[in-house]
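Novice:
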Amino acid sequence: MTKHPARIPLTRPSTPPFSVVAPHLKKVAASGFLTNAGYVRKLEQRAEKLLGVPQAVAVSSATSGLMLVNRLLGLTGEVIVPSFTFFASALPLLWNNLTPVFCDCDPETFNPDPKSIERLITKKTSAIIAVHVFGCPAAVSALTRVAKKHNLRLIFDAAHGFGASYRGKPLGNYGDAEVFSLSPTKLAPAGEGGIITTRSAELAKELKIARDYGNPGDYDCRIVGMNARMSEFNAVFGWAALQRLLQMAGRRRKLAERYKTRLAGLPGLTFQKIPPDCLSSYKDFSILIDPAPECAGAGFTRDDLAAFLAEQHIDTRKYFYPPVHRQKVFREYRRKNQQLPITDYVTDNILSLPLYSHQKTAEIDRVIQTVKSCFRKFHDQAK
Ligand SMILES: Cc1ncc(COP(=O)(O)O)c(C=O)c1O
Numbered sequence: 006m007t008k009h010p011a012r013i014p015l016t017r018p019s020t021p022p023f024s025v026v027a028p029h030l031k032k033v034a035a036s037g038f039l040t041n042a043g044y045v046r047k048l049e050q051r052a053e054k055l056l057g058v059p060q061a062v063a064v065s066s067a068t069s070g071l072m073l074v075n076r077l078l079g080l081t082g083e084v085i086v087p088s089f090t091f092f093a094s095a096l097p098l099l100w101n102n103l104t105p106v107f108c109d110c111d112p113e114t115f116n117p118d119p120k121s122i123e124r125l126i127t128k129k130t131s132a133i134i135a136v137h138v139f140g141c142p143a144a145v146s147a148l149t150r151v152a153k154k155h156n157l158r159l160i161f162d163a164a165h166g167f168g169a170s171y172r173g174k175p176l177g178n179y180g181d182a183e184v185f186s187l188s189p190t191k192l193a194p195a196g197e198g199g200i201i202t203t204r205s206a207e208l209a210k211e212l213k214i215a216r217d218y219g220n221p222g223d224y225d226c227r228i229v230g231m232n233a234r235m236s237e238f239n240a241v242f243g244w245a246a247l248q249r250l251l252q253m254a255g256r257r258r259k260l261a262e263r264y265k266t267r268l269a270g271l272p273g274l275t276f277q278k279i280p281p282d283c284l285s286s287y288k289d290f291s292i293l294i295d296p297a298p299e300c301a302g303a304g305f306t307r308d309d310l311a312a313f314l315a316e317q318h319i320d321t322r323k324y325f326y327p328p329v330h331r332q333k334v335f336r337e338y339r340r341k342n343q344q345l346p347i348t349d350y351v352t353d354n355i356l357s358l359p360l361y362s363h364q365k366t367a368e369i370d371r372v373i374q375t376v377k378s379c380f381r382k383f384h385d386q387a388k
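Everything in the sequence shown is counted per this note's numbering, starting at 6 for the first residue and increasing by one.
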């Protein structure tokens, strides 16, 4: 029987060693306070210090965080959101009875394109939701200018953002609020969880009430809130994970650079562009495969490459396909005759390769060699 090489997963959660978290989990169990207590506060304080933001509010997920932020910032009518993102950037709008208006993305960074956003603004627009796609900081300065000029709220879906920085400052410092995720695929996995950052003490205070059903503590709800509290057990994992965040992000950047230097120059293969004044967290490492041979393309599609890698027991993922505006619950919000040509191109040609914080270099090298074999195979066939 032939022995298959070990499967390389797309990602694995890099949780802190159990010996580090175990005493704290024990303390939680013994304390009788299982949710929204001391370790949640410790996690928030660590996030505030690490990101250099005055306010961090821990919630049960980035999705619930976005739902609360949209509500408490009083968004109304239309909200501009990218289509090239995970659907959870846009679902919180529907929960708040808001109308998503989908903007196109930048062809190089895949982040929301400020020019596309500006063209979509109407009298009904109240806000922009921007995303730091795959951990590459969005065009913060241009987006801030557009939001200010049109008097709009600016919220960053920073689900991929832990470990990334914009012009030397960590993400978390921009817009009216930023919302991070601590789910298992992120750089600081807590199991589940989210962190909202804001410079507004008032917003942070309201968010803390809203995540607890809207009850300010006197059993007399004054906000339409929900149960978006984080459990103390998750907070222990998140708190310990943030301690190692910079190390994890540094490791990912090293592995991503290895991919880039060794895959550079393959016909039709390009990388996400990280602006020179930014550091990406590389929550995902995604490549574009332009199949068109007439433009010196690869001569095969992203799906061909995914199938080739799968045969060699290497997992990949088509993040983000289909784009949000083509998904069932969102189709009705598409503006008449609206085209998102860059989003359509990127979503049809993108592929995420395996990358996680504690991944061995040898695994990356196997992926690189296998991608190169795929190019050789199709090149030989074309002869
Ligand atoms: C861009 C983006 N936004 C929001 C979310 C939702 O995060 P959570 O799972 O913490 O709700 C994700 C999850 O992966 C995401 O990728």
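Backbone N, C-alpha and C fix where the C-beta goes; we use that ideal spot for every residue, glycine too.
Is the closest heavy atom of ligand 1 to the C-beta of Gly-199 under 7 Å?
Specialist: For ligand 1, at least one heavy atom lies less than 7 Å from the Cβ of Gly-199.
Novice: Consider the C-beta atom of Ala-67 and the heavy atoms of ligand 1; say whether any pair is separated by less than 7 Å.
Specialist: Checking the Cβ of Ala-67 against ligand 1 gives yes.
Novice: Which value, in whole angstroms, describes the spacing of the CA atoms of Ile-13 and Pro-97?
Specialist: Looking at the two C-alpha atoms, the distance is approximately 33 Å.
Novice: Residues in the same chain with beta-carbon distance under 7 Å from Cys-110, minus the five sequence neighbours each way, listed in chain order, please.
Specialist: The answer, listed in chain order, is Pro-87, Phe-89, Asn-116, Pro-117, Asp-118, Ile-347, Thr-348 and Val-351.
Novice: Could you pull the start and end residues of the alpha helix (DSSP H) that Gln-344 belongs to?
Specialist: Premise fails: Gln-344 is in no alpha helix (DSSP H) and is neither H nor E.
Novice: In terms of DSSP beta bridges, what is Tyr-171 paired with?
Specialist: In DSSP, Tyr-171 forms a bridge with Lys-174 and Cys-283.
Novice: In terms of alpha-carbon separation, which member of Asp-181, Asp-217, Pro-194 and Pro-221 lies closest to Leu-208?
Specialist: Nearest C-alpha to Leu-208: Asp-181.
Novice: Would you please state the rounded distance, in angstroms, between the beta carbons of Val-62 and Gly-177? I believe it to be under 8 Å.
Specialist: Not a contact, Cβ separation roughly 12 Å.
Novice: Cβ of Ala-169 within 8 Å of Cβ of Leu-284?
Specialist: Cβ atoms of Ala-169 and Leu-284: closer than 8 Å.
Novice: Can you tell me which of the three DSSP states Ser-94 falls into?
Specialist: Three-state result, Ser-94: helix.
Novice: Quick check: the Cα distance between Arg-307 and Gln-50, rounded to an integer number of angstroms?
Specialist: Roughly 43 Å between the two C-alpha positions.
Novice: Excluding the 5 residues preceding and the 5 following Tyr-361 in the sequence, name in chain order all residues of the same chain whose CB lies nearer than 7 Å to its CB.
Specialist: These residues qualify, in order along the chain: Thr-16, Arg-17 and Ser-19.
Novice: Considering only C-alpha positions, which residue in the set Thr-275, Gly-70 and Ala-206 is nearest to Gln-60?
Specialist: The candidate whose alpha carbon is nearest that of Gln-60 is Ala-206.
Novice: Between the alpha carbons of His-363 and Thr-81, how many angstroms are there, rounded?
Specialist: C-alpha separation (whole angstroms): 43 Å.
Novice: Compute the distance between the beta-carbons of Leu-356 and Ile-292, then report whether it is under 8 Å.
Specialist: It is a contact, given that the beta carbons lie within the stated cut-off.
Novice: Name the two residues that bound the continuous beta strand (DSSP E) containing Arg-124.
Specialist: First-last for Arg-124: 119-125, but that is the alpha helix (DSSP H), not the beta strand (DSSP E).
Novice: Please name the residue, chosen from Ser-286, Ser-131, Glu-262 and Leu-99, that lies closest to Gln-252 on a Cα-to-Cα basis.
Specialist: Measuring from the Cα of Gln-252, the nearest candidate turns out to be Ser-286.
Novice: What alpha helix (DSSP H) runs, 4 residues minimum, are completely inside the region 47-117?
Specialist: Segments of the alpha helix (DSSP H) lying fully in the region 47-117: 67-77 and 96-100.
Novice: According to DSSP, Glu-316 sits in a beta bridge with which residue or residues?
Specialist: Per DSSP, none; premise fails for Glu-316.
Novice: Compare the C-alpha of Val-372 against each of Lys-382, Arg-381 and Leu-358 and name the closest.
Specialist: It is Leu-358.
Novice: On a CA-only basis, which of Ser-24, Ala-195 and Gln-344 is nearest Ser-236? Give me that one, please.
Specialist: Cα-wise, what sits closest to Ser-236 is Ala-195.
Novice: My assumption, with CB atoms under 8 Å, is that Leu-30 sits in contact with Asn-75. Please give the rounded CB distance.
Specialist: Contact flag wrong, Cβ pair sits at about 33 Å.
Novice: In the DSSP assignment, what residue or residues form a beta bridge with Phe-276?
Specialist: Answer is Ile-292, bridged to Phe-276.
Novice: Measure the C-alpha to C-alpha separation of Ala-27 and Ala-245 and round it to an integer number of angstroms.
Specialist: So the two alpha carbons sit approximately 11 Å from each other.
Novice: Run through the DSSP bridge pairs and tell me what Asn-232 is partnered with.
Specialist: Answer is Asp-217, bridged to Asn-232.
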